[in-house]
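One structure is given here, and the rest of the page talks about it.
Right, dumping it as structure tokens:
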């Protein structure tokens, strides 16, 4: 496990603590709510963005909302799996004990009905193709049980993680699995890597035409590559990055009087356009999002 810097947040009065990765293991015995983010091993930096640990020991029904951050991922449940509703919110199904999810184009409502202990491997936007050898668009708005992708290996991995002492150890086990899986494959920088880097550097304030001006591909080639490797069109991925930039700045906003100027600064035409986009993709208004002080991740929050 890469012994990098870790952010630990534990909610006894939503106190924040920062520690190095070998410290605070005892917290898992006493926590109420924990969110921990861990950097990946350097050899996995092209595949894994970070590991996210989310846990609470309250045996109560809690509702959450999840929406796109532009990244696919892999999830392991160490306690009770969550219930996930369909888009119409008419049918709920229990999530598998471990699964891979693709890009998300609409928000999802999720419910926990018992203790929660989740390890989320947040992947790089174009990691799924090299990791799974499947066209990424097939996983957009879908989840696939890990056992359907890796068979017996996945069952053994799930069992090891479920029986580990704590979530940090679970992250180390998942990381070793990914190191083994990618050791023989490698990941070479390609067209989507270059485009993703440019989009992130611009913070999403760029359009497809500007992107094509600095890349040696046609629009059709870029669309095909993004569809296969990212699971979104270039435009939708740009929108996702721009929206993440806006959310980060919204959290820092000191006065709601600055909402309109923030929208312009983040590349939106006007506040009305931003409000429409915000509600479509999160089911919330910017002020409702900002008023929620218990975010588990920038795109994962309890509904209060």
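Residue numbers (our numbering): 761 to 1064.
Using N, Cα and C, we set each Cβ at its ideal position, and we do this for glycine too.
| Asked | Found |
| --- | --- |
| Residue range of the unbroken beta strand (DSSP E) whose run includes residue 717 | No statement about residue 717 is possible, as the shown extent of the chain runs from 761 to 1064 and does not include it. |
| As assigned by DSSP and simplified to three states, the class of residue 838 | coil |
| Cβ-Cβ separation, residue 857 to residue 753 (assumed contact under 8 Å), whole Å | Coverage of the chain is limited to positions 761 through 1064, which leaves residue 753 absent and any answer about it impossible. |
| Exposure label - residue 1029; buried when at least 16 CB within 10 Å | exposed |
| Neighbour-count burial assignment, residue 1001, 16 or more Cβ in a 10 Å radius | buried |
| Residues of its chain near residue 943, where Cβ-Cβ distance is below 7 Å and the 5 sequence neighbours each way are ignored | none |
| Sufficient close CB pairs (3 or more, under 8 Å) joining the segment 884-904 to the segment 989-1005 | yes |
| Host beta strand (DSSP E) of residue 884 (start-end) | It is not in any beta strand (DSSP E) - residue 884 carries neither H nor E in the DSSP assignment. |
| Residue 953 in three-state terms, based on DSSP | helix |
| Stretch-stretch touch, CB-based, cutoff 8 Å, three pairs: the segment 1028-1042 with the segment 802-813 | no |
| Three-way DSSP call (helix, strand, coil) for residue 890 in this model | helix |
| Same chain only: Cβ atoms within 7 Å of residue 986, ignoring 5 sequence neighbours per side | 952, 992, 993, 994, 997 |
| The segment 901-908 touching the segment 841-861, judged by at least three CB pairs closer than 8 Å | yes |
| Whole runs of the beta strand (DSSP E) within the segment 885-940, excluding any shorter than 3 residues | 903-905 |
| Touch test, the segment 911-930 against the segment 1003-1016, Cβ-Cβ under 8 Å, three pairs minimum | no |
| Endpoints, beta strand (DSSP E) assigned at residue 825 | 822-826 |
| Of the residues 867, 979, 847, 833, the one placed nearest residue 889, counting alpha carbons only | 833 |
| For residue 826 and residue 1050, the rounded distance between their alpha carbons | 15 Å |
| CB of residue 938 within 7 Å of CB of residue 804, strictly | yes |
| Under the three-state DSSP convention, the category residue 995 falls into | helix |
| Reference residue 882, options 894, 965, 864, closest by Cα | 864 |
| 4-residue-minimum alpha helix (DSSP H) runs that sit fully inside the segment 964-1035, ordered along the chain | 968-973, 979-989, 994-1012, 1019-1025 |
| Sequence-distant residues of the same chain with beta carbon closer than 6 Å to residue 836, five excluded per side | 858, 879, 921 |
| Closest by C-alpha distance to residue 1061, when choosing among 964, 799, 822 | 822 |
| Under the three-state DSSP convention, the category residue 799 falls into | coil |
| C-alpha gap between residue 782 and residue 848, whole angstroms | Model confidence at residue 782 stands at a pLDDT of 40, short of 50, so the residue's coordinates are unreliable; what they give is reported in the following sentence. Approximately 43 Å between the Cα atoms of the pair. |
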